[in-house]
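Trainee:
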Amino acid sequence: MDKRVRSLAEAVSGIESGASVMIGGFGGSGAPIELIHALIDRRPRDLTVISNNAGTGRIGLAALIDAGLVARMICSFPRSSDPRAFTQKFLAGEIALELVPQGTLAERIRAGGAGIPAFYTPTAYGTELADGKAIAEFDGRPYVRERWLKADFALVKAHRGDPLGNLTYDKAARNFGPLMCMAATTTIVQVSHLVPAGGIDPEAVVTPGIFVDRVVEVAAPRQEEELVRAEARYA
Amino acid sequence: MDKRVRSLAEAVSGIESGASVMIGGFGGSGAPIELIHALIDRRPRDLTVISNNAGTGRIGLAALIDAGLVARMICSFPRSSDPRAFTQKFLAGEIALELVPQGTLAERIRAGGAGIPAFYTPTAYGTELADGKAIAEFDGRPYVRERWLKADFALVKAHRGDPLGNLTYDKAARNFGPLMCMAATTTIVQVSHLVPAGGIDPEAVVTPGIFVDRVVEVAAPRQEEELVRAEARYA
Amino acid sequence: MSIETQPDRRLSNAQIAWRAAQDIADGAYVNLGIGFPEMVARYQPPGREAIFHTENGILNFGAPPAPGAEDWNLINAGKKAVTLKPGAAFFHHADSFAMVRGGHLDVAILGAYQVSENGDLANWRVGDSGVPAVGGAMDLVHGARQVFVVTEHLTRTGEPKLVERCSFPLTGVACVTRIYTSHAVVDIAGGRFVLREKHPGLSFDALQAITGARLHVDGPVGDLVVPEL
Amino acid sequence: MSIETQPDRRLSNAQIAWRAAQDIADGAYVNLGIGFPEMVARYQPPGREAIFHTENGILNFGAPPAPGAEDWNLINAGKKAVTLKPGAAFFHHADSFAMVRGGHLDVAILGAYQVSENGDLANWRVGDSGVPAVGGAMDLVHGARQVFVVTEHLTRTGEPKLVERCSFPLTGVACVTRIYTSHAVVDIAGGRFVLREKHPGLSFDALQAITGARLHVDGPVGDLVVPEL
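Residue numbers (numbering that gives the first Met the number 0), protein chains in the order written: chain A, 0 to 234; chain G, 0 to 234; chain E, 0 to 228; chain F, 0 to 228.
(1) For a contact defined as C-beta to C-beta under 8 Å, what are the partners of P162(A) on chain E?
(2) List the residues of chain A that L153(F) touches, going by C-beta distances under 9 Å, in chain order.
(3) Among S166(E), H152(E), I178(E) and F167(E), which has the Cα closest to the Cα of V146(E)?
(4) Please state the DSSP three-state secondary structure of I199(G).
(5) Show which residues of chain G have a CB atom less than 7 Å away from the CB atom of N72(F).
(6) Report back the beta-carbon spacing between A183(G) and D161(G) to the nearest angstrom; my notes put them in contact at under 8 Å.
(7) For the alpha helix (DSSP H) holding I64(G), just list the boundary residues, first then last.
(8) Less than 8 Å between C-beta atoms, sequence neighbours within five positions excluded: which residues of the same chain meet that for A203(A)?
(9) Would you mind sorting K170(A) into buried or exposed? The rule is 16 or more other CB atoms within 10 Å of its CB.
(10) From what residue to what residue does the beta strand (DSSP E) around A153(G) run?
(11) Rounded to whole angstroms, what is the Cα-Cα separation between T53(E) and G171(E)?
(12) Can you tell which of A62(E), L139(E), A27(E) and Q14(E) has the C-alpha that lies nearest to the C-alpha of A80(E)?
(13) Should I2(E) be flagged as near chain A, meaning a C-beta pair shorter than 9 Å?
(14) What first and last residue would you give for the alpha helix (DSSP H) that runs through Q207(F)?
(15) In the DSSP assignment, what are the bridge partners of G221(F)?
(16) Using beta carbons (cut-off 9 Å, strictly below), is F118(G) in contact with chain A?
(17) Between P201(G) and chain A, is there a C-beta pair that is closer than 9 Å?
(18) Using the Cα positions of S1(E) and R8(E), report the straight-line distance between them to the nearest angstrom.
(19) Give the DSSP-derived three-state secondary structure of S115(F) in the structure shown.
(20) If you measure between the beta carbons of I209(A) and L58(F), is that distance less than 9 Å?
(21) With a threshold of 8 Å, are at least 3 pairs of Cβ atoms found where one atom belongs to the stretch 201–214 of chain E and the other to the stretch 157–168 of chain E?
(22) Between L98(G) and the rest of its own chain, which residues show a CB-CB distance below 6 Å, the 5 nearest in sequence each way excluded?
(23) Against chain F, does R107(A) count as a neighbour if the rule is that its beta carbon must be under 9 Å from one of theirs?
(24) By the DSSP assignment, the beta strand (DSSP E) with P85(F) in it spans what residues?
(25) From P116(G) to V193(F), what distance separates their C-alpha atoms?
(26) Closer than 8 Å is the cut-off here; do at least three beta carbon pairs connect the stretch 12–21 of chain G with the stretch 29–44 of chain E?
(27) What are the residues in the stretch 85–103 of chain F lying within 8 Å of chain A by C-beta distance?
(28) Can you tell which of G54(G), C74(G), W147(G) and F175(G) has its C-alpha closest to the C-alpha of L96(G)?
(29) DSSP state of H36(G), grouped into three classes?
(30) Going by the beta-carbon positions, is the gap between L178(G) and G59(G) smaller than 9 Å?
(31) Pull the bridge partners of M21(G) from the DSSP assignment, please.
(32) Of all Cβ atoms in chain A, is any one closer than 9 Å to the Cβ of I94(G)?
(33) Measure the C-alpha to C-alpha separation of H158(G) and T126(G) and round it to an integer number of angstroms.
(34) What is the DSSP secondary structure of E169(E), reduced to helix, strand or coil?
(35) Taking C-beta to C-beta, are F118(A) and G23(A) nearer than 9 Å?
(36) Taking only beta-carbon atoms, is P168(E) less than 9 Å away from chain A?
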């Protein structure tokens, strides 16, 4: 059981046009910049991307969008300090948007990973984001029915990882990572520190390896926030 | 913010007759023996107990049942190496049983803690444990609708705890503990090691303190399995 | 009505935040919305310490770090760098919103475009143009035991923000429990605005005149007195 | 029919477990039911290593510890003490059943009272008396990509366990994918029993005679050959 792959290109192999891809991160924390750039290098088209935000600046998810590779975004907050890439495509009608409340987005992804095809939440009841959704009352209170979210691939950034795919994260960069690992057919993780099997305390494992398919070491990963402040560009 | 209480009696104060009580543990691992015995000392009656098993031997949950304090059990596996206490009450018609598949039990408790009033699962479809439950089809496959489970109190055994209620567990004694902490109005935890705030690495916290109301240190907790092998009795 | 131009009759945002902070109990679990609500953290009364939650997976974070000492993996929901207090915890987004939706937060504090007398909140979108973005607001309003709004009493163009019925898209239905404005403290109770405190420089009638729905009185109305900030 | 008394024509439980173990790929995630299915772990072919999951929150556990060295917080779903292999992980019950229900296990192996030709499984209860107990079986049969049953071909009283329709209470509907018995290996395909291997000492007709539903042949039928164990 060895899920290590040797290169970023190998890590993102098999992601073809039309694929759905979950991308971890909340703002810049947890954004798997190197995996995203390796994906851009492949130039798949018509991607559906599921991610909390829709990118910032000219790198990472924003660069993926800017390259015209994303047909549809499912996210909660497509705004950022520099949202040009998404905003331009959206206002030009070149990218579709499914807007999902953040907690519902997280729970739908978890449901996808946990085999729960639908659940009820109070969130968004009575708002336009519940339009067309089934409503049911429990104990006298109305709830909205939401469906699971799954994807063909997940791109996640973790802190430590072992060859079996066990993972830990760095502080608030954890965010959507553990959920997306559960919900994709093929989960691809870049780790800052690759350690041997047994190198992570079993008590400290955040994502058990069963949820992970490929692990690639990116020893000094770039941080989206810092790249944007430096006005970096994918090129 | 100091959730520490000084005694087991204080820890279980307020649990009155008719209360619903979640009790952590899977077999003997994670069974909060000292909290249960303190609860027996209070002699509340007509309790509803939610726990994976229904006790073993003459201590812990089995002793609670043997004392005639439990009117109703919600559990997945009311059998054990020495199931006399529950078996006798059940066959005498003195205790009601709601049998729930183990994964559904775990998910119902999590749903209670997460504000999800109902969800769909493939588990138990077509079996007698789905009798009377709503069925719905998603993507051509039938699913059973299940409701959340909440309780007035949870009794949980953890390994380390701080005054804010942050917790870690010991190996597979984790099991239902983190879920039950989420789903009870008042969560009461016995910890083997009480540490100062900051004594648990924020990355290693399994149950964040927001889910915990009272923490009591039981420095050398007894282990159910060992007590049963020693034929110990609550007295 | 030129109330906006009379600074002595309205609270600054800092003063609104200060007033809201007085109602947060010691040890309360609190989520502060992005922007204006974040100011509430600065004004915790002496001897009280709330525990702050941020949607992106931290409990018990503290003040911003010194400039240059930011760790961009240690941020709040507004993507601002924060620090940790002793006893902090990290968790993933599903656990974070279990805390929110599951009723584990004592208080959520949000901004508003409009609040209606039955507690409906509109705070995420004002029209159909531009890029819509919702974030965690729709979850927060249905999870916390108390949902506070901090807001100017009037829009910049002088329209009431407390209204009979919201005209902007809703964030949540019947969810707000208390409103702290530049002019008053108002509870939502039984589908009505109930005035609890008003700026002492303002008559009830003057306050009613700048409020878009009837203000009810049910018990004493205190003076909204705050320090210079 | 006296097949049960002819040990040369039936496999022992160890041999059934051995045969099932040959179908587990290297690196597969596997959950073994309590009791007989646990034996499968002993017979992993050389060079292959499955990763075992137990419902109570461990991935990658290993053999039992030496007597006296048990840690009763380190147990499997059968409450037996286990050890850890390098790269193990602990998790809570909701995450554990997310692995099960979410389709992350490659194989679940269970015992059976009855299996019907459409793959229904009955393995948790034989009547209305006594204390019912279900555990995780109903979850496991709907989560794993392959659901294997290991079982005697006949009950102790000589009744077929492979039947047209289960008479005992069901654990799951149309969930079993393959059955390893004391006499044969049978797939469930298209709502039919399809014979893949049979004990070489037994004719097809003799096997059909002790099977409660029609055995179909669809491709070659191999000899069920296993080592002495």
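Here a beta-carbon is modelled for each residue, glycine too, at the ideal position from N, C-alpha and C.
Mentor: Quick look at the numbers:
(1) In the first sequence, the residue the question calls residue 162(A) occupies position 163. Per Cβ cutoff of 8 Å: no residues; P162(A) is ~23 Å from chain E at best.
(2) Along the fourth sequence, read from residue 1 onward, the residue named residue 153(F) stands at position 154. Going along chain A, no residue has its Cβ under 9 Å from L153(F), so there is no contact; the nearest lies around 34 Å.
(3) Taking the first residue of the third sequence as position 1, residue 146(E) is located at position 147. Cα-wise, what sits closest to V146(E) is I178(E).
(4) Reading the second sequence from its first residue, position 200 is the one you call residue 199(G). Coil, per DSSP.
(5) Residue numbering aside, residue 72(F) sits at position 73 when the fourth sequence is read from its first letter. Those are S28, D169, K170, A171 and A172, listed as they occur along chain G.
(6) The residue given as residue 183(G) occupies position 184 in the second sequence. The residue given as residue 161(G) occupies position 162 in the second sequence. Not really, about 19 Å apart at Cβ, beyond 8 Å.
(7) Counted from its first residue, the second sequence places residue 64(G) at position 65. From DSSP, the alpha helix (DSSP H) with I64(G) extends over G59 to D65.
(8) Reading the first sequence from its first residue, position 204 is the one you call residue 203(A). Here the set comprises T167.
(9) For the purposes of this step, residue 170(A) is taken as the residue at position 171 of the first sequence. It counts as buried.
(10) Looking up residue 153(G) in the second sequence gives position 154. From DSSP, the beta strand (DSSP E) with A153(G) extends over A150 to G160.
(11) Working through the third sequence from its first residue, we reach residue 53(E) at position 54. Working through the third sequence from its first residue, we reach residue 171(E) at position 172. Answer to the nearest angstrom: the Cα atoms are 20 Å apart.
(12) Position 81 of the third sequence holds residue 80(E). When only C-alpha atoms are compared, the closest one is A62(E).
(13) On the third sequence, residue 2(E) is found 3 positions in, with the first residue counted as 1. Here I2(E) scores only 43 on pLDDT, less than 50, and its place in the model should not be relied on; the value that follows carries that caveat. Taking Cβ atoms only, chain A never reaches closer than 9 Å to I2(E), which makes this a no.
(14) Against the fourth sequence, residue 207(F) aligns to sequence position 208. Where Q207(F) is concerned, the enclosing alpha helix (DSSP H) stretches over F203 to A208.
(15) Against the fourth sequence, residue 221(F) aligns to sequence position 222. Answer is E196(F).
(16) Position 119 of the second sequence, counting from 1, holds the residue named residue 118(G). Cβ-Cβ to chain A under 9 Å: yes for F118(G).
(17) Numbered from its first residue, the second sequence carries residue 201(G) at position 202. With 9 Å as the cut-off, P201(G) counts as an interface residue toward chain A.
(18) Translated into the one-based positions of the third sequence, residue 1(E) becomes position 2. Translated into the one-based positions of the third sequence, residue 8(E) becomes position 9. Confidence in S1(E) is poor, its pLDDT being 40 and thus under 50, which makes the residue's placement unreliable; the coordinate value appears in the next sentence. Going from the Cα of S1(E) to the Cα of R8(E) covers about 10 Å.
(19) If you number the fourth sequence from 1, residue 115(F) lands on position 116. In this structure, S115(F) counts as strand in the three-state DSSP scheme.
(20) Numbered from 1 along the first sequence, position 210 holds the residue referred to as residue 209(A). Numbered from 1 along the fourth sequence, position 59 holds the residue referred to as residue 58(F). In contact: I209(A) and L58(F) (Cβ atoms closer than 9 Å).
(21) yes
(22) Residue mapping note: residue 98(G) aligns to position 99 of the second sequence, counting from 1. There are no such residues.
(23) As a position in the first sequence, residue 107(A) is number 108, starting the count at 1. Not one chain F Cβ lies under 9 Å of R107(A).
(24) Position 86 of the fourth sequence holds residue 85(F). Segment T82 to F89, the beta strand (DSSP E) holding P85(F).
(25) For this step, residue 116(G) is matched to residue 117 along the second sequence. For this step, residue 193(F) is matched to residue 194 along the fourth sequence. Answer to the nearest angstrom: the Cα atoms are 43 Å apart.
(26) no
(27) P85, G86, A87, A88, F89, F90, A93, D94, F96, A97, M98, V99, R100, G101, G102 and H103
(28) By 1-based counting over the second sequence, the position of residue 96(G) is 97. With distances taken between Cα atoms, L96(G) lies closest to C74(G).
(29) Locating residue 36(G) in the second sequence gives position 37, counting from the first residue. H36(G) falls in the helix class under three-state DSSP.
(30) Reading the second sequence from its first residue, position 179 is the one you call residue 178(G). Reading the second sequence from its first residue, position 60 is the one you call residue 59(G). Not closer than 9 Å, so no.
(31) In the second sequence, residue 21(G) corresponds to position 22, counting from 1. DSSP lists I49(G) and A153(G) as partners of M21(G).
(32) Here residue 94(G) is taken as the residue at index 95 of the second sequence, counted from 1. No, I94(G) does not count as interfacial toward chain A.
(33) Residue numbering aside, residue 158(G) sits at position 159 when the second sequence is read from its first letter. Residue numbering aside, residue 126(G) sits at position 127 when the second sequence is read from its first letter. The alpha-carbon atoms of H158(G) and T126(G) are separated by roughly 38 Å.
(34) Walking along the third sequence from the start, residue 169(E) turns up at place 170. The sequence shown places Leu at residue 169(E), not Glu. In the structure shown, L169(E) sits in coil (DSSP, three-state: anything other than H, G, I, E or B).
(35) Within the first sequence, residue 118(A) is the residue found at index 119, counting from 1. Within the first sequence, residue 23(A) is the residue found at index 24, counting from 1. For F118(A) and G23(A), no; Cβs fall outside 9 Å.
(36) Locating residue 168(E) in the third sequence gives position 169, counting from the first residue. Yes, its Cβ sits closer than 9 Å to a Cβ of chain A.
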